[in-house]
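One structure is given here, and the rest of the page talks about it.
Numbering (the numbering used here), first residue to last: 11 to 346.
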């Protein structure tokens with residue numbers, strides 16, 4: 011930035027894009043590419059005025075270097091959801107219309123034991139007929155599809171998709187707790203806000219960064235992380251601890267935040283146990299980092315999670331078949 015650009019013209023004259031003062035200001039900024047697929051939003055877009063409420067609770071200097079990788083049984087948990095048909099219900103007497111949505115979600119896990127193969131486990135598929143305005147009613151087709159009634163007071167169609175997302179998140183949380191009770195070390199894709207209760211063996215894995223939560227100086231040092239290392243642990247509110255890790259390196263022109271993920275933990279086990287687990291996962295997870303030629307969200311989207319997403323999509327079946335079945339059910343009057 012700040013270089014002469016002969017393609018920029020003003021009043022028929024060709025000149026410099028910026029003057030000296032502007033060039034000095036521009037020099038404070040660097041431009042990067044981002045390997046993350048923009049269809050998923052930006053991986054690191056920070057709200058400049060967001061509150062920075064995280065407090066360092068692990069008193070260490072600098073970043074914690076990568077430790078020895080200790081094989082542990084891991085369960086990666088994620089979910090998928092989709093809208094299958096938009097619906098409307100109209101009250102005959104008043105003409106009042108309320109929105110509805112036929113949608114589907116699937117959640118599951120990829121489990122990996124030390125020196126063992128990866129396997130799918132705990133796959134759960136749910137279909138919901140979500141109605142606004144407090145209405146209820148199942149939808150069933152002759153071909154075997156059934157959407158179980160769910161309701162929200164909202165009348166905004168966008169809120170129905172949010173309700174489907176929430177139901178998927180809740181199912182992920184239930185599966186995560188079941189996996190912990192079965193002895194797995196759980197890496198839950200996304201934050202821990204869907205876990206009700208304190209479960210110390212579940213780590214939330216956050217791939218995108220939209221809120222600057224660390225003090226400014228600490229935030230600025232996060233991109234200095236080496237692969238396998240982590241920041242200190244911070245208290246981030248709501249009985250949660252958090253830290254940043256690096257699972258992969260950016261390309262030559264990549265954003266310095268490429269390959270950075272954030273871990274969340276319940277605070278209940280205490281700082282010493284959380285710090286131990288944070289170091290363990292920081293050293294372990296890079297081996298599962300995605301490959302750029304296979305995943306547009308690599309390296310931060312972990313390969314087991316990518317494979318799980320594809321498997322869950324298959325478990326939901328083809329969307330055109332579900333949409334056709336939902337239309338058939340409505341036309342036959344089976345939406346109760």
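We put the CB at the ideal spot given by N, CA and C, even for glycine.
### Query
Out of 269, 301, 227 and 150, which has the shortest C-alpha to C-alpha gap to residue 313?
Start at 1 with the first residue of the chain shown, and residue 313 comes out as number 303. For the residues 269, 301, 227 and 150, the minimum Cα distance to residue 313 belongs to 301.
### Task
Please report the Cβ distance between residue 247 and residue 260, rounded to the nearest whole angstrom; I am assuming they are in contact, meaning their Cβ atoms lie under 8 Å.
Mapped onto the chain shown, residue 247 falls at position 237. Mapped onto the chain shown, residue 260 falls at position 250. So it is not a contact: roughly 29 Å between Cβ atoms.
### Query
Should residue 163 and residue 144 be called a contact, given that it needs their Cβ atoms to be closer than 7 Å?
As a working mapping, residue 163 is identified with position 153 in the chain shown. As a working mapping, residue 144 is identified with position 134 in the chain shown. In this structure, residue 144 lies closer than 7 Å to residue 163 by Cβ.
### Message
Measuring only the C-alpha atoms, how far is residue 92 from residue 71?
### Response
Along the chain shown, one-based indexing puts residue 92 at 82. Along the chain shown, one-based indexing puts residue 71 at 61. Roughly 45 Å between the two C-alpha positions.
### Query
Of the choices 189, 307, 310 and 335, whose alpha-carbon is the least far from that of residue 84?
Residue 84 sits at position 74 when you count from the first residue of the chain shown. Per the Cα distances, 189.
### Query
Applying the criterion that 16 or more other CB atoms from any shown protein chain within 10 Å of the CB defines a buried residue, is residue 137 buried or exposed?
To locate residue 137, count along the chain shown from 1; it is residue 127. Classification for residue 137: buried.
### Task
May I have the straight-line CA-CA distance separating residue 329 from residue 194, to the nearest angstrom?
Your numbering for residue 329 matches position 319 in the chain shown. Your numbering for residue 194 matches position 184 in the chain shown. Approximately 32 Å between the Cα atoms of the pair.
### Query
If residue 80 and residue 290 are in contact, beta carbons under 8 Å, what's the gap, nearest whole angstrom?
The residue you call residue 80 lines up with position 70 of the chain shown. The residue you call residue 290 lines up with position 280 of the chain shown. Going by Cβ atoms, the distance from residue 80 to residue 290 rounds to 6 Å, so yes, they are a contact pair.
### Query
How far does the beta strand (DSSP E) with residue 93 in it reach, from first residue to last?
Within the chain shown, the letter at position 83 stands for residue 93. That run of the beta strand (DSSP E) goes 84–100.
### Task
State the start and end residues of the unbroken beta strand (DSSP E) segment that holds residue 184.
Along the chain shown, read from residue 1 onward, the residue named residue 184 stands at position 174. Where residue 184 is concerned, there is no enclosing beta strand (DSSP E), although the alpha helix (DSSP H) it sits in stretches over 167–191.
### Task
Determine, using beta carbons only, whether residue 64 and residue 281 come nearer to each other than 7 Å.
Within the chain shown, residue 64 is the residue found at index 54, counting from 1. Within the chain shown, residue 281 is the residue found at index 271, counting from 1. No.
### Query
Apart from the five residues just before and just after residue 198, which ones in its own chain have a Cβ nearer than 6 Å to its Cβ?
Translated into the one-based positions of the chain shown, residue 198 becomes position 188. Correct list, in chain order: 87, 186, 212 and 214.
### Query
If we count Cβ pairs, one from each stretch, closer than 8 Å, do we get three or more for the region 163–177 versus the region 249–257?
no
### Member of 226, 218, 232 and 274 whose CA lies at the smallest distance from the CA of residue 205
Counted from its first residue, the chain shown places residue 205 at position 195. For the residues 226, 218, 232 and 274, the minimum Cα distance to residue 205 belongs to 274.
### Message
Between the alpha carbons of residue 106 and residue 98, how many angstroms are there, rounded?
### Response
Locating residue 106 in the chain shown gives position 96, where the first residue counts as 1. Locating residue 98 in the chain shown gives position 88, where the first residue counts as 1. Going by the C-alpha atoms only, they are around 10 Å apart.
### Message
Tell me the residue span of the beta strand (DSSP E) that contains residue 245.
### Response
Counting from 1 along the chain shown, the entry for residue 245 is found at position 235. Residue 245 -> beta strand (DSSP E) spans 244–247.
### Task
Return the residue from the list 201, 196 and 317 that minimises the CA-CA distance to residue 252.
As a position in the chain shown, residue 252 is number 242, starting the count at 1. Ranking 201, 196 and 317 by Cα distance to residue 252 puts 201 first.
### Task
State the start and end residues of the unbroken beta strand (DSSP E) segment that holds residue 159.
Walking along the chain shown from the start, residue 159 turns up at place 149. Element bounds for residue 159: 156–161.
#### Entry: Segment contact, 8 Å Cβ cut-off, at least three pairs: the region 310–324 with the region 235–247
no
#### Entry: Delimiting residues of the beta strand (DSSP E) encompassing residue 134
Numbered from 1 along the chain shown, position 124 holds the residue referred to as residue 134. Segment 128–141, the beta strand (DSSP E) holding residue 134.
### Identity of the residue in 229, 286, 225 and 149 nearest residue 110 by Cα
Start at 1 with the first residue of the chain shown, and residue 110 comes out as number 100. For residue 110, the nearest C-alpha among the options comes from 149.
### Message
Less than 7 Å between the beta carbons of residue 288 and residue 77, yes or no?
### Response
For the purposes of this step, residue 288 is identified with residue 278 of the chain shown, where counting begins at 1. For the purposes of this step, residue 77 is identified with residue 67 of the chain shown, where counting begins at 1. Not in contact: residue 288 and residue 77 (Cβ atoms no closer than 7 Å).
### When 152, 165 and 217 are compared against residue 295, the one with the closest alpha-carbon
Against the chain shown, residue 295 aligns to sequence position 285. With distances taken between Cα atoms, residue 295 lies closest to 217.
### Query
Thinking C-alpha only, which one of 113, 134, 117 and 236 is nearest residue 75?
Residue numbering aside, residue 75 sits at position 65 when the chain shown is read from its first letter. Nearest of 113, 134, 117 and 236 to residue 75, Cα basis: 236.
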